[in-house]
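When we follow our numbering, the leftmost residue of the sequence shown carries the number 2, and every step to the right adds one.
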Amino acid sequence: MGTAWNESRSEAVMGGAILVVEDEPAIQELIAVNLEHAGHQVLRAANVPEAEALVREVLPDLVLLDWMLPGPPGVNFARQLRSDQRTKDIPIIMLTARAQEQDKITKPFSPRELLARIKAVMRRRAPQLTEDIVEIADLKLDPVAHRVSAAGGNIDLGPTEFRMLHFFMTHPERVYSRAQLLDEIWGDHVFVEERTVDVHIRRLRQALEPTEHDSLVETVRGTGYRFRRALA
């Protein structure tokens with residue numbers, strides 16, 4: 002199996018892929034335009050069957066789902082996502098005319114309110130997809146500027162190593178297997194060999210070695226890798 006990963010696509014979706022399931026064309030367009038302007042990749046569906054087909058092809062980072070849809074209602078699709086092992090952890094924000102609750106947006110809504118809610122949910126569920134600057138042990142990563150710095154200087158990283166470091170820094174002290182890292186960093190629909198992870202771990206360590214931050218990337222024998230909060 003080859004490394005069939007499109008680097009240009011990976012850089013373009015730094016803000017995360019969002020599936021918008023909305024049957025009203027004007028509202029769908031308003032949401033999509035604002036999300037794209039904010040740096041997200043937008044997938045569009047007008048009903049549950051279209052949404053199901055898209056999710057089979059691409060696993061979104063978040064779903065914006067209209068409660069009332071033609072055909073099967075949005076709440077049924079939400080339950081379906083929650084019952085599937087592959088999609089159970091995808092954050093869902095419901096677009097509804099009902100009373101507002103957590104992770105629901107009541108119609109009519111402002112684009113600013115919607116973007117703020119998306120950012121809050123992303124921060125809780127997938128911090129590596131936010132624009133927040135992350136800093137651990139004097140190692141700083143700025144996802145907006147796409148810059149990593151330490152000891153007063155910049156550290157040059159390739160696109161994959163940057164994504165890997167961003168994921169590690171937003172999930173410190175947790176052990177991840179190679180398969181889990183492939184899903185989190187490359188995506189669950191990209192088929193590459195697990196040893197590819199080792200190659201990019203080695204490149205990441207080499208880039209961090211001059212500032213001695215390479216020790217933050219720890220090999221957990223027989224399991225995978227962990228990112229430490231402090232230098233060894």
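C-beta: ideal position from N, C-alpha, C; glycine also.
Going straight from the alpha carbon of His172 to that of Asp90, what length do you get?
His172 and Asp90: Cα-Cα distance of roughly 16 angstroms.
Would you kindly check if the distance between the Cβ of Met165 and the Cβ of Val135 is under 8 angstroms?
Their beta carbons are not under 8 angstroms apart, which means Val135 does not touch Met165 by this criterion.
So, at 6 angstroms on beta carbons, what are the nonlocal neighbours of Arg204 in its own chain, with the 5 sequence-adjacent residues on each side left out?
Excluding sequence neighbours, Arg204 sits near Glu162.
Looking only at C-alpha atoms, which of Ser216, Asp133, Glu132 and Ala151 sits nearest to Lys141?
Relative to Lys141, the option among Ser216, Asp133, Glu132 and Ala151 whose CA is nearest is Ala151.
Nonlocal neighbours in the same chain, by C-beta distance under 7 angstroms from Leu96, ignoring five residues either side
Excluding residues within five positions, the ones whose Cβ falls inside 7 angstroms are Glu23, Leu65, Leu66, Asp67, Trp68, Ile106 and Lys108.
Check whether the Cβ atoms of Ile32 and Leu115 sit closer than 8 angstroms, and answer yes or no.
Contact check for Ile32 against Leu115 passes: the beta carbons are separated by less than 8 angstroms.
Enclosing alpha helix (DSSP H) for Arg234 [first to last residue]
Absent from the model: residue 234. The displayed extent of the chain is 2 to 233, so no value can be given.
Residue range of the alpha helix (DSSP H) that Ile36 falls in?
One point to set straight first is that residue 36 is Leu, not Ile, in the sequence displayed. Per DSSP, Leu36 belongs to the alpha helix (DSSP H) from Pro26 to His38.
Whole alpha helix (DSSP H) runs in the segment 44–112 with 4 or more residues, listed along the chain?
With a minimum length of 4 residues, the unbroken runs of alpha helix (DSSP H) contained wholly in the segment 44–112 fall at 49–58 and 75–84.
Nearest candidate by alpha-carbon position, reference Ala233, set Glu194, Glu53, Val122 and Ala138
Selected option, being the one with the closest Cα: Ala138.
Can you tell me where the alpha helix (DSSP H) with Arg179 in it begins and where it stops?
Annotation: the continuous alpha helix (DSSP H) that includes Arg179 extends over Arg179 to Leu182.
Assign Asp157 to buried or exposed, taking buried as 16 or more other Cβ atoms, counted over all protein chains shown, within 10 Å of its Cβ.
Exposed.
Can you have a look at Thr224 and say buried or exposed, based on whether 16 or more other CB atoms are within 10 angstroms of its CB?
With fewer than 16 other Cβ atoms from the protein chains shown falling within 10 Å of its own Cβ, Thr224 counts as exposed.
Run through DSSP, which three-state label would Arg126 get?
Residue state for Arg126 is assigned as helix, using DSSP reduced to three classes.
How many angstroms separate the CA atom of Arg196 from the CA atom of Trp187?
So the two alpha carbons sit approximately 13 angstroms from each other.
Chain-order list of residues whose beta-carbon lies under 8 angstroms from that of Glu174 (same chain, five-residue window excluded)
Within the same chain, Glu174 has close Cβ partners Arg227, Phe228, Arg229 and Arg230.
Out of Gly153, Val145 and Val221, state which residue places its alpha-carbon closest to the alpha-carbon of His167.
Closest by alpha carbon: Val145.
Closer than 7 angstroms by C-beta to Glu213: which residues in its own chain qualify, once you throw out the five before and the five after it? Chain order, please.
Same-chain partners within the cutoff: Leu232.
Just the C-alpha distance for Val221 and Ser178, rounded to the nearest angstrom, thanks.
If I take the Cα positions, the gap works out to 9 angstroms.
Distance CB(Glu193)-CB(Leu183) smaller than 8 angstroms:
The sequence given here places Val at residue 193; Glu does not occur at that position. Their beta carbons are under 8 angstroms apart, which means Val193 touches Leu183 by this criterion.
Beta-carbon proximity list for Val122, same chain, < 7 angstroms, skipping 5 on both sides:
The answer, listed in chain order, is Leu63, Pro92, Ile94 and Asp104.
Check the C-beta distance from Pro112 over to Asn35 and give it rounded, since I have them as a contact under 8 angstroms.
That pair is a contact at about 4 angstroms.
N- and C-terminal bounds of the alpha helix (DSSP H) containing Thr161
Looking at the DSSP string, the run of the alpha helix (DSSP H) that includes Thr161 is Pro160 to Thr171.
Residues near Ala100 in its chain [Cβ-Cβ closer than 6 angstroms; skip 5 each side]
Confidence at Ala100 is low in this model, with a pLDDT of 47, below 50, so the placement of that residue is unreliable and no value is reported for it.
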